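Trainee:
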Amino acid sequence: MSCFNSFAMRRLAKVAFLTCLGVAVNACGDLSAIELTETASSQKAWTDVADLVRSADADLRAVGIDRVREGLVGESFTRQAADLLSALPADAQVALLAALAGRGDPAAVPAVGRLADAATDPAVRGSALKALATLGGAAEVPILVKALAVEPVKATARKALVEIRGDGVTSAIAAAAGAADPGVRALLVDALTDRRERAAMPGLLAAIGDADGGVRQAGIRGLTRLGGPDELTVLVDEFLKSSGDDRKALEQAVVGVCSVNRGKERATPLLLARFTAAADDARDALLPVLARLGDPQTMRVIDGMIADPIQRRRGLEALAKWPDSTVADRLLDLFSKTTEEGEKALLLGALIRVSPLPDNKLNDSQKLELVKRTMGLCQRNEDKVKLIERANAIRTIETLRFVVPFLDQPELAEPACLSVVELAHHQKLRDANKAEFTTALDKVLGITKNEELVERATRYKAGQTWDRNKKS
Numbered sequence: 009m010s011c012f013n014s015f016a017m018r019r020l021a022k023v024a025f026l027t028c029l030g031v032a033v034n035a036c037g038d039l040s041a042i043e044l045t046e047t048a049s050s051q052k053a054w055t056d057v058a059d060l061v062r063s064a065d066a067d068l069r070a071v072g073i074d075r076v077r078e079g080l081v082g083e084s085f086t087r088q089a090a091d092l093l094s095a096l097p098a099d100a101q102v103a104l105l106a107a108l109a110g111r112g113d114p115a116a117v118p119a120v121g122r123l124a125d126a127a128t129d130p131a132v133r134g135s136a137l138k139a140l141a142t143l144g145g146a147a148e149v150p151i152l153v154k155a156l157a158v159e160p161v162k163a164t165a166r167k168a169l170v171e172i173r174g175d176g177v178t179s180a181i182a183a184a185a186g187a188a189d190p191g192v193r194a195l196l197v198d199a200l201t202d203r204r205e206r207a208a209m210p211g212l213l214a215a216i217g218d219a220d221g222g223v224r225q226a227g228i229r230g231l232t233r234l235g236g237p238d239e240l241t242v243l244v245d246e247f248l249k250s251s252g253d254d255r256k257a258l259e260q261a262v263v264g265v266c267s268v269n270r271g272k273e274r275a276t277p278l279l280l281a282r283f284t285a286a287a288d289d290a291r292d293a294l295l296p297v298l299a300r301l302g303d304p305q306t307m308r309v310i311d312g313m314i315a316d317p318i319q320r321r322r323g324l325e326a327l328a329k330w331p332d333s334t335v336a337d338r339l340l341d342l343f344s345k346t347t348e349e350g351e352k353a354l355l356l357g358a359l360i361r362v363s364p365l366p367d368n369k370l371n372d373s374q375k376l377e378l379v380k381r382t383m384g385l386c387q388r389n390e391d392k393v394k395l396i397e398r399a400n401a402i403r404t405i406e407t408l409r410f411v412v413p414f415l416d417q418p419e420l421a422e423p424a425c426l427s428v429v430e431l432a433h434h435q436k437l438r439d440a441n442k443a444e445f446t447t448a449l450d451k452v453l454g455i456t457k458n459e460e461l462v463e464r465a466t467r468y469k470a471g472q473t474w475d476r477n478k479k480s
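In structure tokens form, the structure reads like this:
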């Protein structure tokens with residue numbers, strides 16, 4: 009059947025069906041919803057719709073499902089339409105589930121829930137889970153949780169747990185997380201985070217003390233995104249007794265709460281107060297965290313430590329974690345005055361990190377000047393490599409001119425190739441300086457053995473783009 013004939017058949021079937029119901033239809037077949045009540049005539053109308061939905065003819069079935077979605081009003085018809093699900097083939101079930109979700113009537117939930125819980129066809133079960141996200145509530149959370157253990161519909165169930173709404177849903181998810189296996193528990197904690205509700209906070213706080221590492225990490229991720237001053241005490245407590253990956257993640261969470269999240273203006277003073285009152289070992293652990301916040305009061309503490317020969321090393325290590333380039337002059341001054349190689353390496357590493365940072369503290373010209381000054385301090389090739397690779401964060405033609413000479417130094421040529429190509433990735437910069445980029449990219453193509461860089465340089469020379477995600 010041609011596309012035109014199929015469309016025409018659907019239109020004719022629709023008009024004929026509605027005319028039988030006594031509904032006025034204009035020349036284009038447009039209409040408003042059919043207001044039906046549970047009378048003999050309305051039940052006859054439903055019988056006709058049900059026959060269309062059950063039809064083996066796809067076009068007639070589509071007309072019936074369209075009427076379910078938009079034409080029949082009332083809970084009774086929702087329940088009757090939902091009851092048809094069990095008798096339909098899979099493709100019709102999928103279409104009817106979408107129509108029931110479109111109706112937005114919770115009366116369909118019992119029938120939809122049965123399919124979401126037990127359907128063996130992944131497409132049907134996935135569609136039922138999607139419909140539950142629209143129609144269901146807290147009572148349906150166990151069905152969605154159960155589906156997290158079923159690989160073909162796992163992602164759909166996870167998304168449904170984020171989208172489902174209603175009183176008590178978040179609490180139900182948190183309760184389910186407490187009883188689930190670790191793998192599912194971690195997924196539920198992530199879902200709680202993605203819901204972005206304050207009601208999720210008890211579940212996230214419980215997760216960071218979980219015996220399972222995956223669950224702990226999920227809880228920490230959640231508090232990194234959603235935590236505030238009220239959660240800071242627990243986060244710091246967990247940080248101080250943690251180690252390894254947990255400690256790194258918890259440090260990031262504390263920094264996020266104090267610098268990015270809601271209530272950050274209250275959180276940093278709380279952390280400073282905790283630091284001031286802490287014992288020496290806790291102060292040692294908290295100082296680098298405070299340094300990452302860039303707070304002026306922390307700088308005063310660091311300066312005092314650097315002036316104390318006993319605490320100097322810890323003070324320098326904290327200074328090296330400062331979050332922006334405002335500390336650059338301090339680092340340069342300390343570097344020029346120290347003769348201790350370990351201190352020089354620490355301070356130089358900090359300069360390499362902060363020089364090209366996109367932190368809006370310096371303009372591009374100032375950043376490049378700091379990069380050049382830092383390069384003058386580098387004695388080891390490994391330090392020069394790090395700086396060359398980071399320089400491309402400053403997206404100017406002057407940066408290209410700084411990097412290109414390193415293409416002629418064999419030990420630095422490969423990182424220079426990377427930076428040239430990264431700068432060329434930015435089309436406006438490349439197009440505005442086409443001749444210089446063409447010359448630089450030609451040199452890259454004659455040097456690098458990296459296949460990806462060869463492909464990118466070739467495409468950029470030709471004025472083409474390159475997708476970082478597809479890498480093709």
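Numbers given in my numbering equal positions in the sequence shown, counted from 1, plus 8.
All C-beta atoms, glycine included, are put in the ideal place defined by N, C-alpha and C.
No experiment lies behind these values; they were computed from the predicted model shown.
#1: Measuring alpha carbon to alpha carbon, tell me which residue in V149, A275, K249 is nearest D7.
#2: Which two residues bound the contiguous alpha helix (DSSP H) that contains R282?
#3: For R300 and A275, I'd like the C-alpha separation in whole angstroms.
#4: Which residue's Cα is closest to the Cα of A194: A465, V177, I228?
#5: By DSSP, does L44 sit in helix, in strand, or in coil?
#6: Taking the beta carbon of G471 as the centre, do at least 16 other beta carbons fall within 10 Å, making it buried, or is it exposed?
#7: With 16 as the cutoff for other CB atoms within 10 Å, does R75 come out buried or exposed?
#8: Here's the rule: buried if 16 or more other CB atoms are within 10 angstroms of the residue's CB, otherwise exposed. What is T407?
#9: What does a CB cutoff of less than 7 Å around L137 pick up in its chain, not counting 5 residues either side in sequence?
#10: Between the Cα of V297 and those of L370, L108, V265, P423, spot the shortest distance and give me the residue it belongs to.
#11: Under 8 Å by Cβ, that's how I've got T86 and D113 pegged, so tell me the actual separation to the nearest angstrom.
#12: My assumption, with CB atoms under 8 Å, is that A261 sits in contact with T232. Please give the rounded CB distance.
#13: Please report how far the alpha carbon of D253 lies from the alpha carbon of K352, in whole angstroms.
#14: Mapping DSSP to helix, strand and coil, what is L80?
#15: Are L395 and C386 touching if we call contact CB-CB under 8 Å?
#16: For the structure I just gave you, are there three or more beta carbon pairs, one from the segment 353-370 and one from the segment 301-319, closer than 8 Å?
#17: Helix, strand or coil, according to DSSP, for E325 in the structure here?
#18: Quick one: complete alpha helix (DSSP H) runs, 4+ long, within the segment 139-210?
#19: Measure the CB-CB distance between L92 and V120 and report whether it falls below 8 Å.
#20: Which value, in whole angstroms, describes the spacing of the CA atoms of K457 and A424?
#21: Check for me: the alpha helix (DSSP H) holding E377 runs from which residue to which?
#22: Quick one: what does DSSP say D65 is sitting in, helix, strand or coil?
#23: Determine the closest residue to A293 out of F247, I216, P418, with distance taken between C-alpha atoms.
#24: In angstroms with no decimal places, state the Cα-to-Cα distance between R173 and R111.
#25: Cβ of I73 within 8 Å of Cβ of V61?
#26: What separation, rounded to the nearest whole angstrom, lies between the Cα atoms of K345 and G384?
#27: Hey, R204 and I216 are a contact pair by Cβ (cut 8 Å); roughly how many whole angstroms apart?
#28: Can you list, in chain order, the residues of its chain with a C-beta nearer than 7 Å to that of V177? Leave out the 5 residues immediately preceding and following it.
#29: Can you tell me the Cα-Cα spacing of D38 and G191, whole angstroms?
Mentor: Here's the rundown:
#1: Residue 7 lies beyond the residue range present for the chain, which begins at 9 and ends at 480; the question has no answer from this structure.
#2: The residue you call residue 282 lines up with position 274 of the sequence shown. Run containing R282: 272-285, per the alpha helix (DSSP H) assignment.
#3: Translated into positions along the sequence shown, residue 300 becomes position 292. Translated into positions along the sequence shown, residue 275 becomes position 267. Straight across, the Cα-Cα distance linking R300 with A275 is about 14 Å.
#4: Locating residue 194 in the sequence shown gives position 186, counting from the first residue. Measuring from the Cα of A194, the nearest candidate turns out to be I228.
#5: Here residue 44 corresponds to residue number 36 of the sequence shown, with the count starting at 1. No answer about L44 holds up, because its pLDDT of 43 lies below 50 and its placement is not dependable.
#6: To locate residue 471, count along the sequence shown from 1; it is residue 463. Under this definition G471 is an exposed residue.
#7: Here residue 75 refers to the residue found at position 67 of the sequence shown. Counting C-beta atoms within 10 angstroms of its own C-beta, R75 has 16 or more neighbours from the protein chains shown and is therefore classed as buried.
#8: Reading the sequence shown from its first residue, position 399 is the one you call residue 407. T407 is buried by the Cβ-count criterion.
#9: Mapped onto the sequence shown, residue 137 falls at position 129. So the list reads A124, L152, A155, V161, T164, A165, A168, once near-sequence residues are dropped.
#10: Within the sequence shown, numbered from 1, the residue matching residue 297 stands at position 289. Comparing Cα-Cα distances from V297 to each of L370, L108, V265, P423, the minimum goes to V265.
#11: Taking the sequence shown and counting its residues from 1, the one referred to as residue 86 is at position 78. Taking the sequence shown and counting its residues from 1, the one referred to as residue 113 is at position 105. That belief holds up - the Cβ atoms of T86 and D113 are roughly 4 Å apart, short of 8 Å.
#12: Reading the sequence shown from its first residue, position 253 is the one you call residue 261. Reading the sequence shown from its first residue, position 224 is the one you call residue 232. Taking the Cβ atoms as the reference, A261 lies roughly 4 Å from T232, within the contact range of under 8 Å.
#13: For the purposes of this step, residue 253 is identified with residue 245 of the sequence shown, where counting begins at 1. For the purposes of this step, residue 352 is identified with residue 344 of the sequence shown, where counting begins at 1. Spanning the two alpha carbons is a distance of roughly 28 Å.
#14: Along the sequence shown, one-based indexing puts residue 80 at 72. Residue state for L80 is assigned as strand, using DSSP reduced to three classes.
#15: Locating residue 395 in the sequence shown gives position 387, counting from the first residue. Locating residue 386 in the sequence shown gives position 378, counting from the first residue. Yes; because the gap between Cβ atoms is below 8 Å, this pair is in contact.
#16: Taking 8 Å as the limit for Cβ pairs, the verdict is that the segment 301-319 does not touch the segment 353-370.
#17: Locating residue 325 in the sequence shown gives position 317, where the first residue counts as 1. DSSP, read as helix, strand or coil, puts E325 in helix.
#18: Taking only runs of at least 4 residues, the alpha helix (DSSP H) segments lying wholly in the segment 139-210 are 149-155, 162-171, 177-187, 190-203.
#19: Looking up residue 92 in the sequence shown gives position 84. Looking up residue 120 in the sequence shown gives position 112. Between L92 and V120, the C-beta gap is not smaller than 8 Å, which leaves the two residues out of contact.
#20: The residue you call residue 457 lines up with position 449 of the sequence shown. The residue you call residue 424 lines up with position 416 of the sequence shown. Going by the C-alpha atoms only, they are around 13 Å apart.
#21: Locating residue 377 in the sequence shown gives position 369, where the first residue counts as 1. Its alpha helix (DSSP H) spans residues 372-385.
#22: What you label residue 65 is simply residue 57 of the sequence shown in a count that begins at 1. It is coil, neither helix nor strand.
#23: For this step, residue 293 is matched to residue 285 along the sequence shown. With distances taken between Cα atoms, A293 lies closest to F247.
#24: As a working mapping, residue 173 is identified with position 165 in the sequence shown. As a working mapping, residue 111 is identified with position 103 in the sequence shown. Roughly 16 Å separates the two Cα atoms.
#25: Mapped onto the sequence shown, residue 73 falls at position 65. Mapped onto the sequence shown, residue 61 falls at position 53. Annotated as proximal: I73 and V61, with beta-carbon spacing under 8 Å.
#26: The sequence position of residue 345 within the sequence shown is 337, counting from 1. The sequence position of residue 384 within the sequence shown is 376, counting from 1. About 16 Å.
#27: Here residue 204 refers to the residue found at position 196 of the sequence shown. Here residue 216 refers to the residue found at position 208 of the sequence shown. Not really, about 18 Å apart at Cβ, beyond 8 Å.
#28: Sequence index remark: in the sequence shown, residue 177 carries index 169 (1-based). Within the same chain, V177 has close Cβ partners G145, A146, V149.
#29: Taking the sequence shown and counting its residues from 1, the one referred to as residue 38 is at position 30. Taking the sequence shown and counting its residues from 1, the one referred to as residue 191 is at position 183. Note that D38 has pLDDT 44, beneath the 50 cutoff, so the model's placement of it is unreliable and no number is given.
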